[in-house]
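Asks:
There are 2 protein chains.
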Amino acid sequence: MGRRPTSFDIAQLAGVSQPTVSRALRGSKSVNPQTRQRIEAIARSLHYAVDKHASSLRSQSANTLALLFFEEPAEDDSTINPFFLSMLGSITHACARAGYDLLISFQQLSGDWHVDYQDSRKADGIILLGYGDYEAYRARLDHLTEQGTKVVRWGAVGTGPAGITVGSDNRGGGEAATAHLIARGRRRIAFLGAADGRYPELEDRYRGYRDALEAAGLTVDDALQVDAITTEDAGQDAVADLARRGVEYDAIFAASDSIAIGAMRGLAAAGRSVPGDVAIVGFDDIASAQLTNPPLTTVTQDARRAGEALVRTLLARVRDEAVESAPLPTRLVIRASSGA
Amino acid sequence: MGRRPTSFDIAQLAGVSQPTVSRALRGSKSVNPQTRQRIEAIARSLHYAVDKHASSLRSQSANTLALLFFEEPAEDDSTINPFFLSMLGSITHACARAGYDLLISFQQLSGDWHVDYQDSRKADGIILLGYGDYEAYRARLDHLTEQGTKVVRWGAVGTGPAGITVGSDNRGGGEAATAHLIARGRRRIAFLGAADGRYPELEDRYRGYRDALEAAGLTVDDALQVDAITTEDAGQDAVADLARRGVEYDAIFAASDSIAIGAMRGLAAAGRSVPGDVAIVGFDDIASAQLTNPPLTTVTQDARRAGEALVRTLLARVRDEAVESAPLPTRLVIRASSGA
DNA sequence: AAGGGACGGGCATACGTATTCACTGTTTCA
DNA sequence: TGAAACAGTGAATACGTATGCCCGTCCCTT
Chain C
19 MGRRPTSFDI
29 AQLAGVSQPT
39 VSRALRGSKS
49 VNPQTRQRIE
59 AIARSLHYAV
69 DKHASSLRSQ
79 SANTLALLFF
89 EEPAEDDSTI
99 NPFFLSMLGS
109 ITHACARAGY
119 DLLISFQQLS
129 GDWHVDYQDS
139 RKADGIILLG
149 YGDYEAYRAR
159 LDHLTEQGTK
169 VVRWGAVGTG
179 PAGITVGSDN
189 RGGGEAATAH
199 LIARGRRRIA
209 FLGAADGRYP
219 ELEDRYRGYR
229 DALEAAGLTV
239 DDALQVDAIT
249 TEDAGQDAVA
259 DLARRGVEYD
269 AIFAASDSIA
279 IGAMRGLAAA
289 GRSVPGDVAI
299 VGFDDIASAQ
309 LTNPPLTTVT
319 QDARRAGEAL
329 VRTLLARVRD
339 EAVESAPLPT
349 RLVIRASSGA
Chain U
19 MGRRPTSFDI
29 AQLAGVSQPT
39 VSRALRGSKS
49 VNPQTRQRIE
59 AIARSLHYAV
69 DKHASSLRSQ
79 SANTLALLFF
89 EEPAEDDSTI
99 NPFFLSMLGS
109 ITHACARAGY
119 DLLISFQQLS
129 GDWHVDYQDS
139 RKADGIILLG
149 YGDYEAYRAR
159 LDHLTEQGTK
169 VVRWGAVGTG
179 PAGITVGSDN
189 RGGGEAATAH
199 LIARGRRRIA
209 FLGAADGRYP
219 ELEDRYRGYR
229 DALEAAGLTV
239 DDALQVDAIT
249 TEDAGQDAVA
259 DLARRGVEYD
269 AIFAASDSIA
279 IGAMRGLAAA
289 GRSVPGDVAI
299 VGFDDIASAQ
309 LTNPPLTTVT
319 QDARRAGEAL
329 VRTLLARVRD
339 EAVESAPLPT
349 RLVIRASSGA
């Protein structure tokens, strides 16, 4: 066995020309079925596989998608949001099923990533994952889409160009979480999470929170909303802030599980019981949510469907097909933290 | 602006030939520095990037590594070991620093993966991650290395061909964990985890456990060793097994945090307190280890260095350089579960 | 003054595939 | 029965880059 076989080798063995081999192997229907079978048999026996680079060069398509995770430049211990990691499996599987390879990279928000994948033809399309200040990369995003690069990101559906964003029904999830607390008899429900446009997903969850309050005839008290981006420390700080301001509350809807976990830590430090004094509901259903004490009631997003939807949407864009975009359903998972 | 620029376009603008552009951009020193600067300036202004596929086709190297996660075919909810996921960041960064792209894929242990990446020239080397029965893919592994495919896997150093395996100092970590329990006054220490050759890493941890017992002059009681592969359920089953057999013990060294967490669940169900009745130490330091009640003392593996070592080792193999392989150091992280 | 490097760069070509075009023999349709 | 459609295939070529080989120029050595 010398070098690896090429389509010429197969052509020679099959008594046809190289183009015929190419056509046969990629399923062109202008090849005689018998010829095709002969070629396929020979290819198998030689362990032949199309050279990816030659194929991509000639056909001008990489047959590859890129998955870019965004990190805050500051964050040191590369702690990617667990929810995104849980999408990884379904994304890779969806790609594999579609016959695409998947490139992966962690990017600083500030880098030059918008050049690389585009200009060097490494990927046909890009999946962007990362919470974080939307404004911070909106400009690059717009730049990319203008240049015709195919991009899909996970986020708040309805933000930015149509079909470019895939996301959960954050508003519905926020409403369900809040309605659950109300049904448990809570009346003073704090919201921990950004309510402004920099974090559109958290904002949507806040909208759902307000929806539920209004539907129940409760008034929305702005004092109960505390800014918190999605880290544990932010959650702990938020309850400290409520205490400092002397705001009374009997429940918390945290815009993410990380925030909720931090809040529980803060409540414990302040000697307040969960769910006795304060009932609490999070969002995301990360693995740790089952381990908190008490276990955390939360809103679960279907990571599997999320990953599949991202890939499906991106491939549609790559193929210039129409893209429909509906938010993915969420589901409330009731555990002990919201009242037994 | 029509199509994307090629090296010919740059050559024309710079008044040189295409080969000179190629040489200049890839740092050949037989190009006049001034010429090089001129070319680089033009390339920048055109947003030129080398076409990856053309480059790879010509140079016969993909400039890409592949990261393959192995899943047990049965396991449904694609729950990859968190420790491997925490390596992901440092692996991608190490690849990026070396100028390599990273392909990622989740593979069934039973699939045909050993053909794909090899034969289609998608990657220059492969990183394999996955606990799981080593025997199950040893044959494929051998097949790959025989064919000259460059492979590195995470596992027990010393298993299989030299330099192909990168791993932690499992034996040292196991010894440190056990010695810690002994220093806390525990004498009847159970080991939860496989002690046979199918899981070489767990076996090494067991060896360290014995080392520590013997160093302290304690006898090794085989009744204290319980088979448990690395899941929470296995840990819970293991303590049930100990109870059923009426074995007395005052401490547990679990071969992984998942096992430890399951064991704690089992102990709680049996009404035994941690660390009062039973002190417990795990292995891996996954994120959940901080959230258990009480927080879990464990042995931490440096995911960052692990990822970097994997990439460094693989690249050395790809470049046919000599590979040294020393186990990576581990560190005991003392929390409340092993006694205040 | 002649020989020999070193330097800088051009020419030609190869990497392996996919696609356009042209061509032949066969079938179909008016 | 002639023309037109069609199936099946080969010849030629392009995709964009990297590299082996060569040649001219300049400077240094003896």
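Heads up: the sequence lines are chains C and U, in that order.
If you want our numbering, it's the position in the first sequence, counting the first as 1, plus 18.
If you want our numbering, it's the position in the second sequence, counting the first as 1, plus 18.
Cβ atoms here follow ideal geometry from the backbone N, Cα and C, with glycine treated the same way.
Everything numeric in this text was worked out from a predicted model, so none of it was measured.
In chain order, what residues of the stretch 290-320 of chain U put their CB closer than 8 angstroms to some CB of chain C?
Replies: Ala305, Ser306, Leu309, Thr310, Asn311
Asks: I need the straight-line Cα distance from Asp303 of chain C to Ile352 of chain C, nearest angstrom please.
Replies: 11 angstroms
Asks: Just mark His111 of chain C as buried or exposed, buried being the case when its beta carbon has 16 or more other beta carbons within 10 Å.
Replies: Its Cβ being crowded by 16 or more others within 10 Å, His111 of chain C is buried.
Asks: How would you write the range of the alpha helix (DSSP H) that Lys70 of chain U sits in, first residue to last?
Replies: 70-77
Asks: Quick one: what does DSSP say Ile304 of chain U is sitting in, helix, strand or coil?
Replies: coil
Asks: Using a Cβ cut-off of 8 angstroms (strictly closer), state whether Arg139 of chain U contacts chain C.
Replies: yes
Asks: Applying the 10 Å Cβ sphere with the 16-neighbour rule, what's the burial state of Asn99 of chain C?
Replies: buried
Asks: Please classify Asn188 of chain C: is it buried, with 16 or more other beta-carbons within 10 angstroms of its beta-carbon, or exposed?
Replies: With 16 or more neighbouring CB atoms inside 10 Å of its own CB, Asn188 of chain C falls in the buried class.
Asks: Please report the residue range of the alpha helix (DSSP H) in which Ser46 of chain U lies.
Replies: First-last for Ser46 of chain U: undefined, no H or E at that position.
Asks: Can you find the residues in the same chain that come closer than 7 angstroms, C-beta to C-beta, to Gly371 of chain C, ignoring five residues on each side of it along the sequence?
Replies: Summary: the structure shown does not reach residue 371 of chain C, with chain C confined to residues 19 through 358, and so no result is reported for it.
Asks: Are there three or more Cβ pairs, one per stretch, closer than 8 angstroms when the stretch 237-246 of chain C is compared with the stretch 158-172 of chain C?
Replies: no
Asks: Between Ser123 of chain U and the rest of its own chain, which residues show a CB-CB distance below 8 angstroms, the 5 nearest in sequence each way excluded?
Replies: Ala84, Leu85, Leu86, Phe87, Trp131
Asks: Please report the straight-line C-alpha distance between Arg54 of chain U and Leu333 of chain U, rounded to a whole angstrom.
Replies: The alpha-carbon atoms of Arg54 of chain U and Leu333 of chain U are separated by roughly 28 angstroms.
Asks: Quick one: what does DSSP say Ser291 of chain U is sitting in, helix, strand or coil?
Replies: coil
Asks: Looking at C-beta atoms only, is the number of pairs between the stretch 260-279 of chain U and the stretch 292-312 of chain U that lie closer than 8 angstroms three or more?
Replies: Counting C-beta pairs with one atom in each stretch, the stretch 260-279 of chain U and the stretch 292-312 of chain U have three or more that are closer than 8 angstroms, which means they touch.
Asks: Could you give the residue range of the beta strand (DSSP E) that holds Val170 of chain U?
Replies: 169-172
Asks: In angstroms with no decimal places, state the Cα-to-Cα distance between Asp338 of chain C and Ala61 of chain C.
Replies: Roughly 32 angstroms separates the two Cα atoms.
Asks: According to DSSP, is Glu342 of chain U part of a helix, a strand, or is it coil?
Replies: coil
Asks: Once the 5 residues before and after Glu250 of chain C are set aside, which same chain residues still bring their CB inside 6 angstroms of it?
Replies: Closer than 6 angstroms at Cβ, skipping near neighbours: Ser276, Ile279, Gly280.
Asks: Any C-beta of chain U sitting closer than 8 angstroms to the C-beta of Ser123 of chain C?
Replies: yes
Asks: Do you know offhand how far Arg216 of chain C's Cα is from Lys168 of chain U's?
Replies: 45 angstroms
Asks: Starting from the C-beta of Arg204 of chain U, find all residues in its chain whose C-beta is less than 6 angstroms away, skip the five residues before and the five after it, and write them out in chain order.
Replies: Hits under 6 angstroms: Asp268, Ala269, Ala297.
Asks: Considering only the alpha carbon of each residue, which of U:Gly143, U:Asn311, U:Val257, U:Gly148 lies closest to Leu162 of chain U?
Replies: The residue from U:Gly143, U:Asn311, U:Val257, U:Gly148 with its alpha-carbon nearest to that of Leu162 of chain U is U:Gly143.
Asks: Taking C-beta pairs closer than 7 angstroms, name the residues in chain U that Lys70 of chain C reaches, listed in chain order.
Replies: For Lys70 of chain C, the C-beta contacts it makes with chain U under 7 angstroms involve Ser138, Arg139, Lys140, in order along the chain.
Asks: I'd like to check one pair, Ala208 of chain C with Leu285 of chain C: are the Cβ atoms closer than 8 angstroms?
Replies: Not closer than 8 angstroms, so no.
Asks: According to the Cβ coordinates, are Gly211 of chain C and Leu199 of chain C closer than 8 angstroms?
Replies: no
Asks: Identify the residues that DSSP records as bridge partners of Glu89 of chain U: which are they?
Replies: U:Gln126
Asks: Tell me the DSSP secondary structure of Val296 of chain U in three-state form.
Replies: It is coil, neither helix nor strand.
Asks: Under 8 angstroms between C-beta atoms, does Ala32 of chain C make it to chain U?
Replies: no
Asks: Is Ala80 of chain C near Arg139 of chain C, with beta carbons less than 8 angstroms apart?
Replies: yes
Asks: Would you identify the three-state DSSP class for Ala208 of chain C, choosing helix, strand or coil?
Replies: strand
Asks: Rounded to a whole number of angstroms, what is the C-alpha to C-alpha distance between Arg56 of chain C and Ser35 of chain C?
Replies: 13 angstroms
Asks: How many angstroms separate the CA atom of Asp255 of chain C from the CA atom of Thr318 of chain C?
Replies: 24 angstroms
Asks: Within 10 angstroms of its Cβ, does Phe101 of chain U collect 16 or more other Cβ (buried), or is it exposed?
Replies: buried
Asks: Around the C-beta of Lys47 of chain U, are 16 or more other C-beta atoms found within 10 angstroms, so that it is buried, or is it exposed?
Replies: Lys47 of chain U is exposed by the Cβ-count criterion.
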